[in-house]
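Asker: End of the sequence shown sits at 193 in full-length UniProt numbering; the numbers just go up one at a time, nothing left out.
Even glycine gets a Cβ: it sits at the ideal position worked out from N, Cα and C.
My questions will all concern the structure given below.
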Amino acid sequence: MVTREEAWELVCEWTASERLRIHALGVERVMEDLAGRLGEDPRAFALAGLLHDADYDRWPDEHPARVVAWLEERGEPALARAVAAHAWERTGIRPESLLERALVASDEVTGFVTACALVRPQRTLGLEPRSIRKKMKTPAFAAGVNREEMLEGFRRLSECIGGTEDEHFQRVVDVLHAHAAELGLTAGEPGKP
Numbered sequence: 001m002v003t004r005e006e007a008w009e010l011v012c013e014w015t016a017s018e019r020l021r022i023h024a025l026g027v028e029r030v031m032e033d034l035a036g037r038l039g040e041d042p043r044a045f046a047l048a049g050l051l052h053d054a055d056y057d058r059w060p061d062e063h064p065a066r067v068v069a070w071l072e073e074r075g076e077p078a079l080a081r082a083v084a085a086h087a088w089e090r091t092g093i094r095p096e097s098l099l100e101r102a103l104v105a106s107d108e109v110t111g112f113v114t115a116c117a118l119v120r121p122q123r124t125l126g127l128e129p130r131s132i133r134k135k136m137k138t139p140a141f142a143a144g145v146n147r148e149e150m151l152e153g154f155r156r157l158s159e160c161i162g163g164t165e166d167e168h169f170q171r172v173v174d175v176l177h178a179h180a181a182e183l184g185l186t187a188g189e190p191g192k193p
């Protein structure tokens, strides 16, 4: 069984980019929160969030194969499948389980909400779903975030747990706000990641 410490060591070893490490921490927190709300295993959800992009910085063309293999070698087939499913367009593994759907629904939106917060002096404080939706309509803003994948992730998760897109946006904002210091989202600190 992979521990959180082992997972973080791997992320630090394979991921030189501070921004990508912070993204991993953000997705970890969003996933952990969702597990708590749904009565699911917080360890599995959090680890899937933390590890989902662990190999992207070093081996972008192979992503997520390296981290999937690492998880399989450690006897974590459900986590390996969730990480593979989060990149289903590459792997062909469609997100089916709640864990898999949650990861797809948490990855892109966490990156997008973080980007929205970083352009505001007050960061996540007062950030509302309508502001996030407005930014989604600007293709040049956070251009690396796949809007279709983000909305598809929400749709797939909502099939299992219900809720609206705005409710999911707000939950992500609230989680990121609760962990603002850890994620470099403290209000009024320009230049912070």
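Buried or exposed: Met1, going by 16 or more other Cβ atoms within 10 Å of its Cβ?
Answerer: Counting from 1 along the sequence shown, the entry for residue 1 is found at position 1. It counts as exposed.
Asker: With H, G and I counted as helix, E and B as strand and the rest as coil, what does DSSP make of Ile161?
Answerer: Position 161 of the sequence shown, counted from the start, is the residue given in the question as residue 161. Here Ile161 sits in helix by DSSP.
Asker: For a minimum of 4 consecutive residues, which ranges assigned as the alpha helix (DSSP H) are wholly contained in the segment 106 to 151?
Answerer: For the segment 106 to 151, whole alpha helix (DSSP H) runs of length 4 or above, ordered along the chain, are 129 to 136.
Asker: Run through DSSP, which three-state label would Pro42 get?
Answerer: For the purposes of this step, residue 42 is identified with residue 42 of the sequence shown, where counting begins at 1. The answer is helix: DSSP assigns Pro42 an H, G or I state.
Asker: Can you list, in chain order, the residues of its chain with a C-beta nearer than 6 Å to that of Ala142? Leave out the 5 residues immediately preceding and following it.
Answerer: The sequence position of residue 142 within the sequence shown is 142, counting from 1. So the qualifying residues of the chain are Phe112, Ala115.
Asker: What's the call for Arg171, buried or exposed, on a 16-neighbour Cβ count within 10 Å?
Answerer: Taking the first residue of the sequence shown as 1, we reach residue 171 at position 171. Arg171 is buried by the Cβ-count criterion.
Asker: Can you tell me which of the three DSSP states Gly26 falls into?
Answerer: Here the question's residue 26 lines up with position 26 in the sequence shown. Helix.
Asker: Between the beta-carbon of Arg156 and the beta-carbon of Arg81, is there less than 8 Å?
Answerer: Here the question's residue 156 lines up with position 156 in the sequence shown. Here the question's residue 81 lines up with position 81 in the sequence shown. In this structure, Arg81 does not lie closer than 8 Å to Arg156 by Cβ.
Asker: Excluding the 5 residues flanking Gly26 on each side, which residues of the same chain have their C-beta closer than 7 Å to its C-beta?
Answerer: Here residue 26 refers to the residue found at position 26 when the sequence shown is read from its first residue. Excluding positions up to five away in sequence, the list reads Thr110, Thr114, Leu176, Leu183.
Asker: I'd like to know whether the C-beta atoms of Asp55 and Trp14 end up nearer to each other than 8 Å.
Answerer: Here residue 55 is taken as the residue at index 55 of the sequence shown, counted from 1. Here residue 14 is taken as the residue at index 14 of the sequence shown, counted from 1. Yes, the pair counts as a contact, with Cβ atoms nearer than the cut-off.
Asker: Taking Leu103 as the reference, which of Glu148, Val145, Ala46 has the closest Cα?
Answerer: Along the sequence shown, one-based indexing puts residue 103 at 103. Looking at the Cα atoms, Ala46 is the closest of the given residues.
Asker: Give the straight-line distance between the Cα atoms of Phe169 and Asp53, rounded to the nearest whole angstrom.
Answerer: Sequence index remark: in the sequence shown, residue 169 carries index 169 (1-based). Sequence index remark: in the sequence shown, residue 53 carries index 53 (1-based). Taking C-alpha positions only, Phe169 is separated from Asp53 by approximately 21 Å.
Asker: Would you say Ile93 and Ala84 are within 8 Å of each other, going by their C-beta atoms?
Answerer: Residue mapping note: residue 93 aligns to position 93 of the sequence shown, counting from 1. Residue mapping note: residue 84 aligns to position 84 of the sequence shown, counting from 1. In this structure, Ala84 lies closer than 8 Å to Ile93 by Cβ.
Asker: Please confirm whether Arg19 and Val11 have their CB atoms less than 8 Å apart.
Answerer: Residue mapping note: residue 19 aligns to position 19 of the sequence shown, counting from 1. Residue mapping note: residue 11 aligns to position 11 of the sequence shown, counting from 1. In this structure, Val11 does not lie closer than 8 Å to Arg19 by Cβ.
Asker: Is the Cβ-Cβ distance between Ala180 and Thr186 less than 8 Å?
Answerer: The residue you call residue 180 lines up with position 180 of the sequence shown. The residue you call residue 186 lines up with position 186 of the sequence shown. Yes, they are a contact pair.
Asker: For Leu50, which residues of its own chain have a beta-carbon under 6 Å away from its beta-carbon, when the five flanking residues on both sides are left out?
Answerer: Position 50 of the sequence shown holds residue 50. Taking Leu50 as the centre and dropping the five residues before and after it, the same chain places the C-beta of Ala7, Ala24, Glu28 closer than 6 Å to its C-beta, in chain order.
Asker: Who are the near neighbours of Val145 in its chain, counting only those whose CB is closer than 8 Å to its CB and skipping five residues on each side?
Answerer: By one-based count along the sequence shown, residue 145 stands at place 145. Excluding residues within five positions, the ones whose Cβ falls inside 8 Å are Glu108, Gly111, Phe112, Ala115.
Asker: Looking at the structure shown, is Met1 part of a helix, part of a strand, or coil, going by DSSP?
Answerer: Residue numbering aside, residue 1 sits at position 1 when the sequence shown is read from its first letter. Of the three classes helix, strand and coil, the one that applies to Met1 here is coil, per DSSP.
Asker: Measure the alpha-carbon distance for Glu5 versus Ala44 and round it to whole angstroms.
Answerer: One-based indexing of the sequence shown puts residue 5 at position 5. One-based indexing of the sequence shown puts residue 44 at position 44. Within the model, the alpha-carbon separation for Glu5 versus Ala44 is close to 13 Å.
Asker: May I ask you to report which of helix, strand or coil DSSP gives Pro95?
Answerer: Taking the sequence shown and counting its residues from 1, one reaches residue 95 at position 95. DSSP places Pro95 in coil when its eight states are reduced to three.
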